[in-house]
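These protein sequences, in sequence, are chains A and B. For the first sequence, the positions run 1 to 267 when our numbering is used. For the second sequence, the positions run 1001 to 1299 when our numbering is used. Cβ coordinates follow ideal geometry from the N, Cα and C atoms, glycine included. Structure, as structure tokens:
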Amino acid sequence: MNRVLACLFWLAVGLVLLFITLPLAVVVAASLSPSSAVTFLPWEWTLDWYGALLTDRWLQPFLLSVRIATLVAAISGVLGILAAYAIVYERIPGATAIMAGLLSPLSVPQIVKGVAIVLFLSIIGLQGILGTPALIAAHVVLALPFVTRMAATSLANFDGNLDRAAQSLGATKRQRLQHIVLPMIKPGVLSGVTFAFIISFNNIPLSVFLVRPGDTTLPIAVINYLEYSLDPVMAAVNVASMIFILAVIFLFEKIGGFSAQLHGGSK
Amino acid sequence: MSTIALAAPAVMPAAPARTSAYVVLAPSCLVLTMFFALPMGVMIGMSFTDGETLAPTFAHYQRFFSDGLSLAGLYRTAMMSILVALSVTVLGYPIAYFLARSRSRWRAVVFALALAPELAGVVLRTYGWLIILEDRGFINDALMNLGLVASPLPLSKNLFAVVVGLTHVVLPFGILSLTTSIQGIDPNLERAAQMLGASRLSVVRHVILPLSVPGIVSSLLISFTMAASAYATPALLGGARFKVLATMIYEQVLFYIDWRFAAVMAVALLVMMLTVSFLGIRYEARRSARRSNREGERS
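Put into structure tokens, the structure is as follows:
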């Protein structure tokens, strides 16, 4: 009885893992398949579809997405650090309420935020900023709560005695911020910034309302294309952008991101 | 979240530099006011006002609740989200149990496999399911080649396809909350039950499942809210034949250019999600109240 149960359990684990990996494996296989119809497992391989990516059709949205994601990561990084500094370090009155306010966008679905922004801009006659400026602003609204929360957590967790020791040794506030506080919260802030980059780069529910012809981000270009064709170029686009994201994570990780934090770097 | 700010006795500023603190807070508040608070307020306001005269009215809501199409969209959204919540929790449970209890070297592999898809982005995974479920896709192709079916099975552009795709998108989050909850159960309870002669099955049924109810509830809640607000997966796997609120909102704005009706649908979606989150918060509050009661009786 127990053995049957154990077998069933392993079967369940295996099937769920198959369910999780199947679509990814299928996309990778399709991106390497020479046939243009995406069907059964291909037995020959080609990189032609990846070559097709190096045209304006895909490079332009890609570069726009990278530009927007970089700006969003930088802006929300700076704003998040500043907000966390005011709330946690300076402990201004009403800190709890202000923090709740800064995190409130998290409880509203992205599609609702997106439609609210596009309606608002249209009503007040600012349709002109649809496209890149609106995309950046909307993605900052999306990313800022995460970055603020991560920066605030790092600030709250770090050992205040270091700061007090520096102070009693005569360090000015500026010196302490520069040499103690900022280095201590760097891992938390960097993982927040990486996260901001990724959610901006992959975003669909906000971007879908804010793109303009000629100002289209990569995921939107991909779903527009998917509406009428499933060809393997799509597979190649998707795999390439996943590799790009992994490279970005690796890069931030090298600068001193999450694993330092996981291993207690912020303590 | 807000407890972070409270639990920060560590740092003591030398002299209160209040003004500069408000100055550095200003940019965040400005951005969130301009691109979140004001837009939300305006949108909710629009849903209650007449398009011509700007007079307050419930007409748009009356239209929403008397219009079969909108109600069907609301029903489909709820149905889809409930099914996703159930399948995420059922599929995630064995993996979560394994992750919480196993000490084998496979644990790291399973962990990576279970969570890695999150990095791949929603479009890639949805595209994968499109290739698999399409009329001329992976499964139908195989079935037809083997002569098992004469015409393609209707696997895409319907509730089934959307639930499969969204389950895949949400599963890592369900697994995480279930794993945390199962890890919190004292393994000695399982050992004790086994030593007293309980079979594996009854250990699962009478010890593990009841004790992991909080994890099950949070997995259901997170899955429901993520599914209800998803846009890309229903748009691609449901298409024009299976519309949910999220895709209908998009249509109202970009095709019908009916802003006020789009605002009503967005408010409906928001209210649905907030209601579910509220039920979750209330459940959590009741549970911790019960627990502190019990502890009070004991001491």
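Check your understanding: From the beta carbon of SER65(A), is the nearest beta carbon of chain B less than 8 Å away?
Key -> Output row for SER65(A): interface = no.
Check your understanding: Can you tell me where the alpha helix (DSSP H) with TYR1222(B) in it begins and where it stops?
Key -> The question names Tyr, but residue 1222(B) is Ile in the sequence shown. Annotation: the continuous alpha helix (DSSP H) that includes ILE1222(B) extends over 1213 to 1229.
Check your understanding: Do the segment 78 to 87 of chain A and the segment 1027 to 1036 of chain B touch if we need at least three Cβ pairs shorter than 8 Å?
Key -> A contact between stretches requires three or more CB pairs, one per stretch, nearer than 8 Å, and the segment 78 to 87 of chain A meets this requirement with the segment 1027 to 1036 of chain B.
Check your understanding: Using a Cβ-Cβ distance under 8 Å, would PHE9(A) count as near chain B?
Key -> True, the Cβ-Cβ gap to chain B drops below 8 Å.
Practice item. Could you tell me if the beta carbon of ILE255(A) falls within a distance shorter than 7 Å of some heavy atom in the ligand GTP? Key: The ligand GTP is not among the ligands present in this structure, which contains no ligands whatsoever.
Review point. What residue range is occupied by the uninterrupted alpha helix (DSSP H) comprising ASP163(A)?
Key: From DSSP, the alpha helix (DSSP H) with ASP163(A) extends over 160 to 168.
**Study point:** Buried or exposed by the 16-neighbour rule on C-beta atoms within 10 Å, applied to TRP45(A)
**Key:** Exposed.
Check your understanding: Taking 8 Å as the CB-CB limit, is TYR1061(B) close to chain A?
Key -> With 8 Å as the cut-off, TYR1061(B) does not count as an interface residue toward chain A.
Review point. Looking at the structure shown, is ARG212(A) part of a helix, part of a strand, or coil, going by DSSP?
Key: Residue state, collapsed to three classes: strand.
Review point. Bridge partners of PRO953(B), per DSSP?
Key: The structure shown does not extend to residue 953(B), since chain B is modelled only from 1001 to 1299, so the question has no answer here.
Check your understanding: Is it right to say ILE98(A) is buried, meaning 16 or more other beta carbons lie within 10 angstroms of its own, or is it exposed?
Key -> Answer is buried; the Cβ neighbour count reaches 16.
Review point. Along chain A, in chain order, which residues have C-beta atoms closer than 8 Å to that of HIS1168(B)?
Key: Result: PHE19, ILE20, PRO23.
Check your understanding: How big is the Cα-Cα spacing for ARG1159(B) and ALA95(A)?
Key -> A quick correction: the sequence has Leu, not Arg, at residue 1159(B). Taking the straight line joining both Cα atoms gives about 45 Å.
**Study point:** For VAL222(A) and MET234(A), the rounded distance between their alpha carbons
**Key:** Taking the straight line joining both Cα atoms gives about 7 Å.
Check your understanding: Relative to chain B, which residues along the segment 106 to 140 of chain A have a C-beta separation below 9 Å, given in chain order?
Key -> Cβ contacts with chain B: LEU106, SER107, VAL108, PRO109, GLN110, ILE111, VAL112, LYS113, GLY114, VAL115, ALA116, ILE117, VAL118, LEU119, PHE120, LEU121, SER122, ILE123, ILE124, ALA134, ALA137, ALA138, VAL140.
Check your understanding: Is the segment 1123 to 1136 of chain B close to the segment 238 to 251 of chain A, with three or more CB pairs under 8 Å?
Key -> Yes, they touch.
Review point. Closer than 7 Å, Cβ to any Cβ of chain B: which residues of the segment 206 to 234 of chain A, in chain order?
Key: Taking 7 Å as the Cβ-Cβ cut-off, the segment 206 to 234 of chain A approaches chain B at VAL208, PHE209, PRO219, VAL222, ILE223, LEU226, LEU230, MET234, given in chain order.
Check your understanding: Nearest-angstrom Cα distance between THR1033(B) and MET1043(B)?
Key -> Spanning the two alpha carbons is a distance of roughly 14 Å.
**Study point:** Per-residue DSSP class, three states only, for LEU1367(B)
**Key:** Because chain B in this structure spans residues 1001 to 1299, residue 1367(B) falls outside the shown range and cannot be described.
Practice item. Could you check if ILE243(A) is buried or exposed, using at least 16 other CB atoms within 10 Å of its CB as the buried criterion? Key: It counts as exposed.
Review point. Beta-carbon separation of ILE1182(B) and SER1212(B) under 8 Å?
Key: Result yes, Cβ atoms of ILE1182(B) and SER1212(B) sit closer than 8 Å.
Review point. Apart from the five residues on each side of it in sequence, which residues of its chain come closer than 6 Å, Cβ to Cβ, to THR1179(B)?
Key: Close CB contacts of THR1179(B) within its chain, under the 6 Å cut and outside five residues either way in sequence, are with ALA1096, LEU1099, ALA1100 (chain order).
Exercise for review: Starting from GLY80(A), follow the alpha helix (DSSP H) in both directions and report where the run begins and ends.
Suggested key: Run containing GLY80(A): 56 to 84, per the alpha helix (DSSP H) assignment.
Review point. Which chain B residues sit within Cβ distance under 7 Å of VAL16(A)?
Key: Going along chain B in sequence order, the residues near VAL16(A) (Cβ under 7 Å) are LEU1091, PRO1094, ILE1095.
Point to revise | Under 9 Å by beta carbon: chain A residues contacting PRO1214(B) | key: Near PRO1214(B) there are no residues of chain A at all, since even the closest Cβ is about 20 Å away, more than 9 Å.
Practice item. Output, in sequence order along the chain, the residues in the segment 169 to 185 of chain A whose CB is closer than 7 Å to any CB in chain B. Key: The residues in question are LYS173.
Review point. For LEU53(A) and chain B, any beta-carbon pair shorter than 8 Å?
Key: No, because no Cβ of chain B sits closer than 8 Å to the Cβ of LEU53(A).
Point to revise | Straight-line gap, THR21(A) to TRP1106(B) (C-alpha atoms, nearest Å) | key: Straight across, the Cα-Cα distance linking THR21(A) with TRP1106(B) is about 16 Å.
Exercise for review: Identify the contact partners of ALA1108(B) in chain A, using a Cβ-Cβ distance below 9 Å as the criterion.
Suggested key: Chain A residues near ALA1108(B): none, gap ~13 Å exceeds 9 Å.
**Study point:** Contact set for LEU1006(B): own chain, Cβ-Cβ below 6 Å, skip 5 residues either direction
**Key:** In this predicted model, LEU1006(B) has a pLDDT of only 45, less than 50, meaning its place in the structure is not dependable; the value taken from the coordinates is given anyway. Contacts found: none.
Review point. So which of THR194(A), LEU155(A), ARG164(A), THR172(A) has the shortest CA-CA distance to MET184(A)?
Key: Ranking the options by Cα distance to MET184(A), first place goes to LEU155(A).
Exercise for review: Under 8 Å Cβ to Cβ from GLN1252(B), same chain only, skipping five residues before and after it: list those, please.
Suggested key: Closer than 8 Å at the Cβ level, and outside the excluded window around GLN1252(B), lie ASP1258, TRP1259, PHE1261, ALA1262, MET1265.
Practice item. To the nearest angstrom, report how far apart ALA1150(B) and ASN1140(B) are at their CA atoms. Key: So the alpha carbons of these two residues sit roughly 10 Å apart.
Review point. Where does TRP45(A) sit, in a helix, a strand or coil, going by DSSP?
Key: In the structure shown, TRP45(A) falls within a coil segment according to DSSP collapsed to helix, strand and coil.
Review point. Does the count of Cβ pairs from the segment 1188 to 1205 of chain B and the segment 1234 to 1248 of chain B closer than 8 Å reach three?
Key: At 8 Å Cβ cutoff, the stretches do not touch.
Review point. In three-state DSSP terms, what is GLY264(A)?
Key: Caution applies to GLY264(A), whose pLDDT of 43 falls short of 50 and renders its modelled position unreliable; the value that the coordinates give is listed next. The answer is coil: DSSP assigns GLY264(A) none of H, G, I, E or B.
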